[in-house]
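In what follows, a single structure is set out as structure tokens and then discussed.
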Amino acid sequence: MAETVIFYLLAGLAVVASALVIGQRNPMYSVLLLIASFGALAGLYIQLDAPFVAVAQIIIYAGAIMVLFLFVVMLLNAPKEDGAEWDQAHPLRRPGVARFGALLAGLLVIQLAWALMRIAELEAPVGSQPDGAAVSSVRELGKVLFQRHAFAFEATSILILVAMVGAVVLARKEGTDL
Amino acid sequence: MIPLYHYLIVSAVLFAIGTAGVFLRKNLITILLSIEIMLNAVNLTFVAFGRYRGDVDGQIITFFVMTVAAAEAAVGLALVIALFRHKESLNPDAFTSLKW
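Just so you know, the sequences run in chain order A and B.
In terms of the working numbering, the first sequence opens at residue 5 and continues consecutively.
In terms of the working numbering, the second sequence opens at residue 35 and continues consecutively.
See the structure below:
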């Protein structure tokens, strides 16, 4: 019972915070609300017996990535920028093409919910499978990550190196030598 | 015990919110944030299915998604800074020309 209440609390928090992220005019508030949404998702991961993913979510997403976003928002002084000469009407009330986009997004939810309702198998509770201890053990996770997925792991390190070099090259002032 | 499809519906709603954000917002930073929401929705699906099946593959794919999201955020924000230097604007409509 308590489990169900916690699930609905966290899920509601994640959905409401995410909805407010795209409803905000000020990108600073958007970033801070998204951190709340990520925190709620980390709680859901703990409920799914994935404590390591939950911690990584807090450290990588709420820590590193959102700090990067906050840094850029502050650097560009964006609150003054949004809603200047371009964006007079509130974005959610702008007619025409934007409404069509919102309609498509709503349609996506209905379609997905409809498809999910028709699969009877999904009624089974998530936590009822036997090997819960194996799923939540970090040792098991490390074994699979560094053995079966070793190539993908190494490829990821190259990806991060490329992204780092690319970000430095893109963000430096033009005309300056490295 | 929570049925699997509850997690999937939360994930679907989050993904739709992210999609709506990309369509509706006229601010490059908010659009990048919406992409992060979509990536997180997919992560939730992976972890829920991984727990449902009782193996760790779902969590491992989630790690890879997180690293790709970190790389995407770094490069995307560098692009936003470079664009802002040129036009002093964050509105995607300001960047319609292929050459400046």
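Beta carbons: idealized from backbone N, C-alpha and C, even for Gly.
Problem - Contact the region 82-90 of chain B vs the region 106-114 of chain B: 3+ CB pairs below 8 Å - result: no
Handout entry: Validate contact between the region 57-76 of chain A and the region 151-162 of chain A using beta carbons, cut 8 Å, 3 pairs
Key = no
Handout entry: Contact the region 88-104 of chain B vs the region 40-58 of chain B: 3+ CB pairs below 8 Å
Key = no
Practice task
Specify whether the region 29-38 of chain A and the region 6-14 of chain A touch according to this definition: at least 3 beta carbon pairs, one from each stretch, less than 8 Å apart.
Solution key: no
Problem - Rounded straight-line distance, which links the Cα of I63/B to that of A88/A - result: For the purposes of this step, residue 88/A is taken as residue 84 along the first sequence, with counting starting at 1. For the purposes of this step, residue 63/B is taken as residue 29 along the second sequence, with counting starting at 1. Interpretation of A88/A is limited by its pLDDT of 48, a score under 50 that renders its predicted location unreliable; the figure taken from the coordinates is listed afterwards. Their backbone Cα atoms lie some 15 Å apart in a straight line.
Practice task
Below 8 Å on the Cβ atoms is my guess for Y49/A versus V81/B; work out the distance and round it to an integer in Å.
Solution key: Within the first sequence, residue 49/A is the residue found at index 45, counting from 1. Within the second sequence, residue 81/B is the residue found at index 47, counting from 1. Approximately 6 Å separates the beta-carbon atoms of Y49/A and V81/B; this is inside 8 Å, confirming the contact.
Practice task
Compute the distance between the beta-carbons of I114/A and A54/B, then report whether it is under 8 Å.
Solution key: For the purposes of this step, residue 114/A is taken as the residue at position 110 of the first sequence. For the purposes of this step, residue 54/B is taken as the residue at position 20 of the second sequence. Taking 8 Å as the Cβ cut-off, I114/A and A54/B do not qualify as a contacting pair.
Exercise for the section: Indicate the three-state DSSP secondary structure (helix, strand or coil) for D86/A in the structure shown. Expected result: Start at 1 with the first residue of the first sequence, and residue 86/A comes out as number 82. Low local confidence applies: a pLDDT of 49 at D86/A is under 50, so the model's placement there is unreliable, with the coordinate-based value given in what follows. Of the three classes helix, strand and coil, the one that applies to D86/A here is coil, per DSSP.
Practice task
Kindly indicate which residue of A128/B, S68/B and L78/B has the alpha-carbon position closest to the one of V130/A.
Solution key: Within the first sequence, numbered from 1, the residue matching residue 130/A stands at position 126. The shortest C-alpha separation from V130/A is found at L78/B.
Handout entry: Buried or exposed (CB count within 10 angstroms, at least 16 for buried), I123/A
Key = The residue given as residue 123/A occupies position 119 in the first sequence. The residue is exposed, with fewer than 16 neighbouring Cβ atoms inside 10 Å.
Problem - A103/B beta carbon less than 8 Å from that of A68/A - result: For the purposes of this step, residue 68/A is taken as the residue at position 64 of the first sequence. For the purposes of this step, residue 103/B is taken as the residue at position 69 of the second sequence. Not closer than 8 Å, so no.
Practice task
Please find out if some non-hydrogen atom of the ligand MN comes closer than 7 Å to the beta-carbon of A109/A.
Solution key: In the structure on display, the ligand MN does not appear, and there are no ligands present to speak of.
Handout entry: Where the alpha helix (DSSP H) through G100/A begins and ends
Key = By 1-based counting over the first sequence, the position of residue 100/A is 96. Looking at the DSSP string, G100/A is not in any alpha helix (DSSP H), and its letter there is neither H nor E.
Practice task
Mind checking the region 42-53 of chain B against chain D and listing, in chain order, the residues whose C-beta falls within less than 9 Å of any C-beta there?
Solution key: Here the protein chains are A and B, and chain D is not one of them.
Handout entry: L165/A classed as buried or exposed, judged by whether at least 16 other C-beta atoms fall within 10 angstroms
Key = Sequence index remark: in the first sequence, residue 165/A carries index 161 (1-based). So L165/A ends up on the exposed side.
Exercise for the section: Determine the direct distance from the alpha carbon of V57/A to that of A109/A, and round the result to whole angstroms. Expected result: Along the first sequence, one-based indexing puts residue 109/A at 105. Along the first sequence, one-based indexing puts residue 57/A at 53. Cα-Cα distance, rounded: 28 Å.
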